[in-house]
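To start, the structure under review is shown below, and the notes come after it.
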Amino acid sequence: MLVDGLFGGTITASKLLKHGDFGIGTAEGLNGELIILDGVAYQALADGTVKVLKGDEMLPFANVNVSNFEGRVVLPGLKMDDVDATLAKELSYQNTFVAIKISGTFKAVQTRVVKEQQRPYPTLSETASKQQVFDAKNIKGTVVGYYTPALFQGAGVGGMHLHFIDAQHQFGGHLLDFESDKVKLSWQLLDGLDLNLPIQDSEFIKHKPSDMGIIRQSISESE
Ligand SMILES: [Zn+2]
Numbered sequence: 009m010l011v012d013g014l015f016g017g018t019i020t021a022s023k024l025l026k027h028g029d030f031g032i033g034t035a036e037g038l039n040g041e042l043i044i045l046d047g048v049a050y051q052a053l054a055d056g057t058v059k060v061l062k063g064d065e066m067l068p069f070a071n072v073n074v075s076n077f078e079g080r081v082v083l084p085g086l087k088m089d090d091v092d093a094t095l096a097k098e099l100s101y102q103n104t105f106v107a108i109k110i111s112g113t114f115k116a117v118q119t120r121v122v123k124e125q126q127r128p129y130p131t132l133s134e135t136a137s138k139q140q141v142f143d144a145k146n147i148k149g150t151v152v153g154y155y156t157p158a159l160f161q162g163a164g165v166g167g168m169h170l171h172f173i174d175a176q177h178q179f180g181g182h183l184l185d186f187e188s189d190k191v192k193l194s195w196q197l198l199d200g201l202d203l204n205l206p207i208q209d210s211e212f213i214k215h216k217p218s219d220m221g222i223i224r225q226s227i228s229e230s231e
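Here you go:
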């Protein structure tokens, strides 16, 4: 529904955090990129700042899980394009969700942050031109994200969906690219999907969605 422009929040941050301590998402009005790490929801904003989301703030979309990383490998360096192939050497995961955490020092990180939208909301693809792009060099931090199987495109973003937050919690966003120095890559296979649907939200309940072809195409373009 985010694709169709339903950016109104439907769950509070505190309720969301009952379901997990690790994750990604966005805030009401598509206001920035969320990074949930060690039980704290950080909001990277389009002005380049990062703040901690308050418990009563609303979110239209997020993915969270209770972290319990089962595997890890230390790498001398890693590029964003190689995350998939690097993980595939360690485990088979193509048909399930995987929580992915990469922490250490990064030579270069490029993020994008969506800008807060006002009602009437545009569609997700219409917001693509209103994103801010940020670059950082030689920065310590953590990549937080998920692998979503193609089968579940729509419930999540098919393939890798990664966000970044630096160690000082002052720089972050949706990852466009990175190249690391020494990092630890950790993973957790997820054996279920709990989907929270906002049945009390009249916009959600009454909305007639675009057809799935448009939704899938729009998710790929905006990511
Ligand atoms: Zn994202």
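Using our numbering, the final residue of the sequence shown is 231, and nothing's skipped along the way. The C-beta atom is built at its ideal place from N, Cα and C for all residues, glycine as well.
Please name the residue, chosen from Lys-26, Ile-213, Thr-34, that lies closest to Val-121 on a Cα-to-Cα basis. The residue with the shortest Cα to Cα distance from Val-121 is Thr-34.
Residues that DSSP places opposite Val-74 in a beta bridge: In the DSSP assignment, Val-74 forms no beta bridge with any residue.
On a CA-only basis, which of Leu-10, Thr-18, Asp-12 is nearest Ser-210? Give me that one, please. The shortest C-alpha separation from Ser-210 is found at Thr-18.
Is the beta carbon of Ser-65 within less than 7 Å of some heavy atom of ligand 1? According to the sequence displayed, residue 65 carries Glu and not Ser. For ligand 1, not one heavy atom lies less than 7 Å from the Cβ of Glu-65.
Let's see if you can read the secondary structure: which residues bound the alpha helix (DSSP H) around Phe-212? Membership of Phe-212 in the alpha helix (DSSP H) is indicated by the continuous run 210–214.
Taking 7 Å as the cut-off, is the beta-carbon of Glu-98 closer than that to any non-hydrogen atom of ligand 1? Residue side-chain check: Glu-98 keeps its Cβ at 7 Å or more from all non-hydrogen atoms of ligand 1.
Distance cut-off 7 Å: His-182 Cβ against heavy atoms of ligand 1: For ligand 1, a non-hydrogen atom lies closer than 7 Å to the CB of His-182.
Let me check you understand the geometry: is the CB of His-177 closer than 7 Å to at least one non-hydrogen atom of ligand 1? No, ligand 1 has no heavy atom inside 7 Å of this Cβ.
Judging by CA-CA distance, which residue of Ile-32, Val-58, Phe-30 is the nearest neighbour of Phe-142? Checking every option, the nearest Cα to that of Phe-142 belongs to Val-58.
Less than 7 Å separating the Cβ of Ile-207 from some heavy atom of ligand 1? Taking the Cβ of Ile-207 as the reference point, every heavy atom of ligand 1 lies at 7 Å or farther away.
What does DSSP give as the partner residue(s) for Gln-161 in the beta ladder? Gln-161 pairs with Gly-164.
Compare the beta carbon distance of Phe-15 and Glu-36 with 8 Å and say whether it is the shorter of the two. Their beta carbons are under 8 Å apart, which means Phe-15 touches Glu-36 by this criterion.
Cβ separation of Asn-73 and Ala-107, assumed to be a contact under 8 Å, to the nearest whole Å: Confirmed, Cβ separation roughly 5 Å.
Within 10 angstroms of its Cβ, does Gln-208 collect 16 or more other Cβ (buried), or is it exposed? Residue burial is scored here from C-beta neighbours: Gln-208 has fewer than 16 other C-beta atoms within 10 angstroms and is therefore classed as exposed.
Which two residues bound the contiguous alpha helix (DSSP H) that contains Leu-95? Judged by DSSP secondary structure, Leu-95 falls within the alpha helix (DSSP H) whose first and last residues are 91–98.
Answer yes or no: do Gly-200 and Thr-119 have a C-beta to C-beta separation smaller than 8 Å? Contact check for Gly-200 against Thr-119 fails: the beta carbons are separated by 8 Å or more.
Sequence-distant residues of the same chain with beta carbon closer than 6 Å to Gly-63, five excluded per side: Short of 6 Å from the beta carbon of Gly-63, and not among the five residues preceding or following it, lie these beta carbons of its own chain, in chain order: Ala-21, Ser-22.
Helix, strand or coil, according to DSSP, for Glu-134 in the structure here? If DSSP states are grouped into helix, strand and coil, Glu-134 belongs with the helices.
Counting along the chain, where does the alpha helix (DSSP H) carrying Ala-21 start and finish? Element bounds for Ala-21: 21–24.
Beta strand (DSSP E) containing Ser-194: first to last residue? For Ser-194, the uninterrupted beta strand (DSSP E) run begins and ends at 180–198, by DSSP.
Sorted by chain position, which residues of the same chain lie with C-beta nearer than 6 Å to Tyr-155's C-beta, five sequence neighbours on each side aside? Cβ neighbours of Tyr-155 within its own chain (closer than 6 Å, five residues either side excluded): Val-106, Met-168.
Between Lys-215 and ligand 1, is the CB less than 7 Å from at least one heavy atom? Going by the sequence as given, residue 215 is His instead of Lys. With a cut-off of 7 Å, the C-beta of His-215 is classified as distant from ligand 1, since no heavy atom of the ligand falls inside that distance.
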